[in-house]
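Under my numbering, the residue at position 74 of the sequence shown is numbered 263, and the numbers go up by one with no gaps.
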Amino acid sequence: MNIELIKAILHVLDPAVDAPILSEAILPPSEDALQYLAGHAAKCFASDEAKACTLADDSPFLPLLWNIEDDFEKKTAVIAGDWFRVMQENPAIPAGDAAFLLLEIDGAEYLAALKLNYKPGWLHYCRMDGGPAVNEVVRQGTVLPGTSGKADEAFFVDLRTNAVRLLEKKYEIDGRKQTYLGSRILGCRAGLSPREKLSAIQAVAGEVNQQFYGNTGVDEPELAMAVCEEFYAARAEEKSRAGKPDPVPVQAICDKLYGDMPHAREAFTKALAEHDITLDEPLPLSAPAVRRMEKQSLRSAGGVEIKVPVNVYRDESALEFIRNPDGSMSLLIKNIIV
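This is the structure we're talking about:
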């Protein structure tokens with residue numbers, strides 16, 4: 190990912206005070222600060238929890254995007270003010286700073302906002318008030334996330350297409366846990382994030398498995414194996430043509446799981462449609478997300494846990510699953526090196 194930060198502004202959204210503290214000027218060109226914000230923006234944009242969204246035609250956010258490059262300070266202050274009012278009405282939303290950015294990602298220009306929630310921290314304070322010098326340890330309640338941390342919420346709006354990439358979190362709002370950033374600030378219709386889409390595919394595969402094959406059909410490790418194989422196949426193709434890797438298509442996962450099972454394939458497709466997922470959709474997983482799937486955990490009733498690489502899951506020379514008369518499964522691990 191190529192990311193270039195053009196300009197940024199920081200607005201303070203702390204409901205402990207009566208009004209937001211709105212900056213009237215962009216951040217000075219400090220290399221450290223801009224690198225800090227660009228790093229957080231890159232992590233949020235690449236997150237497999239981020240959703241692709243569409244702004245509604247009547248979204249009050251849309252007019253603010255017009256020529257925002259020329260009126261950056263005032264228009265971001267309007268957005269920050271709306272954000273602050275929602276936070277005041279819903280105390281469960283934590284205080285933080287909203288960093289608004291104009292940036293280019295892979296050649297496309299975006300308006301982005303990062304919600305940098307406060308974390309408690311500690312610092313030293315040197316007190317010299319005429320008496321003996323004293324170095325104290327002082328609690329600081331408005332520390333921003335470190336470079337290894339992450340922004341809890343963010344959005345990116347493509348200024349050419351108005352397409353939105355949204356990272357949001359659920360808080361207690363109107364008596365139930367729900368998200369608010371997309372619906373109450375942006376006025377957009379959210380799709381599923383790659384992580385949510387994968388969870389839905391896993392749930393559907395489990396249902397189809399039970400319906401057609403009992404406990405002998407596709408299970409979670411086999412789904413993980415299909416996703417990993419397709420991801421690395423796309424990576425290999427990327428290297429051969431020196432381009433950007435294509436996301437794993439849901440169609441390819443379906444073919445891997447149910448290529449020779451037409452009835453299960455049909456049921457899988459229909460069940461996915463109930464989750465608003467079609468076979469021609471991409472599943473743009475990040476490399477870290479795929480690496481987490483490469484080893485699947487198997488647990489015994491007694492609490493023993495074994496991590497099995499998905500590439501040997503169906504290799505009978507390495508593992509053998511034995512079905513016991515009581516319906517339970519035993520695992521025989523072969524070729525152990527002591």
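A virtual CB, placed ideally from N, CA and C, is assigned to each residue, including glycine.
Query raised in the report: Quick one: Cα of E385 to Cα of E361, how far?
Result: Taking the first residue of the sequence shown as position 1, residue 385 is located at position 196. Taking the first residue of the sequence shown as position 1, residue 361 is located at position 172. Roughly 20 Å between the two C-alpha positions.
Query raised in the report: S248 and C377: beta carbons closer than 9 Å?
Result: Counting from one through the sequence shown, the residue named residue 248 turns up at place 59. Counting from one through the sequence shown, the residue named residue 377 turns up at place 188. Their beta carbons are under 9 Å apart, which means S248 touches C377 by this criterion.
Query - Cut-off 7 Å between Cβ atoms - residues of its own chain near Y421, not counting five sequence neighbours on either side - result: Here residue 421 refers to the residue found at position 232 when the sequence shown is read from its first residue. Within the same chain, Y421 has no close Cβ partners at all.
Query raised in the report: Got a sec, what are the start and stop residues for the alpha helix (DSSP H) D444 sits in?
Result: Counting from 1 along the sequence shown, the entry for residue 444 is found at position 255. Start and end: 439 to 447.
Report task. Give the single residue among P283, A352, A214, S475 whose Cα lies nearest to the Cα of G260. Result -> Translated into the one-based positions of the sequence shown, residue 260 becomes position 71. It should be noted that the sequence gives Asp, not Gly, for residue 260. Selected option, being the one with the closest Cα: A214.
Query raised in the report: If we ignore side chains and look at the alpha-carbon of each, how far apart do V206 and H200 end up?
Result: As a position in the sequence shown, residue 206 is number 17, starting the count at 1. As a position in the sequence shown, residue 200 is number 11, starting the count at 1. In a straight line, the C-alpha of V206 is about 13 Å away from that of H200.
**Report entry** Helix, strand or coil at V332 [DSSP, three-state]
**Finding:** For this step, residue 332 is matched to residue 143 along the sequence shown. Note: V332 maps to strand in three-state DSSP.
Query raised in the report: Which word fits V493, buried or exposed, when buried means at least 16 other C-beta atoms lie within 10 angstroms of its C-beta?
Result: Along the sequence shown, one-based indexing puts residue 493 at 304. So V493 counts as exposed.
Query raised in the report: N513 by DSSP, collapsed to three states: which one?
Result: As a position in the sequence shown, residue 513 is number 324, starting the count at 1. Coil at N513, not helix or strand.
Requested in this report: May I ask you to report which of helix, strand or coil DSSP gives V151?
Outcome: Any property of residue 151 remains undetermined from this structure, which presents the chain solely from 190 to 527.
Query raised in the report: Going straight from the alpha carbon of I198 to that of G380, what length do you get?
Result: Here residue 198 is taken as the residue at index 9 of the sequence shown, counted from 1. Here residue 380 is taken as the residue at index 191 of the sequence shown, counted from 1. If you take the alpha carbons of I198 and G380, they lie about 29 Å apart.
Requested in this report: Report buried or exposed for Q224, applying the criterion of at least 16 other Cβ atoms within 10 angstroms of its Cβ.
Outcome: In the sequence shown, residue 224 corresponds to position 35, counting from 1. Classification of Q224: exposed, given that the 10 Å Cβ count is below 16.
Query raised in the report: Can you pull the DSSP bridge partners for P209?
Result: Taking the sequence shown and counting its residues from 1, the one referred to as residue 209 is at position 20. Note: P209 sits in no beta bridge, so no partner.
Query raised in the report: Looking at L348 and P241, is the spacing between their C-beta atoms short of 9 Å?
Result: On the sequence shown, residue 241 is found 52 positions in, with the first residue counted as 1. On the sequence shown, residue 348 is found 159 positions in, with the first residue counted as 1. At residue 241 the sequence reads Ala, which differs from the Pro that was named. Contact flag unset, no.
**Report entry** Continuous beta strand (DSSP E) assignments of at least 3 residues falling wholly in the stretch 195 to 269
**Finding:** 240 to 244
**Report entry** Through-space distance from D341 to F401, alpha-carbon basis
**Finding:** Taking the first residue of the sequence shown as 1, we reach residue 401 at position 212. Taking the first residue of the sequence shown as 1, we reach residue 341 at position 152. The alpha-carbon atoms of F401 and D341 are separated by roughly 41 Å.
**Report entry** Residue range of the unbroken alpha helix (DSSP H) whose run includes E463
**Finding:** Residue numbering aside, residue 463 sits at position 274 when the sequence shown is read from its first letter. Per DSSP, E463 belongs to the alpha helix (DSSP H) from 451 to 463.
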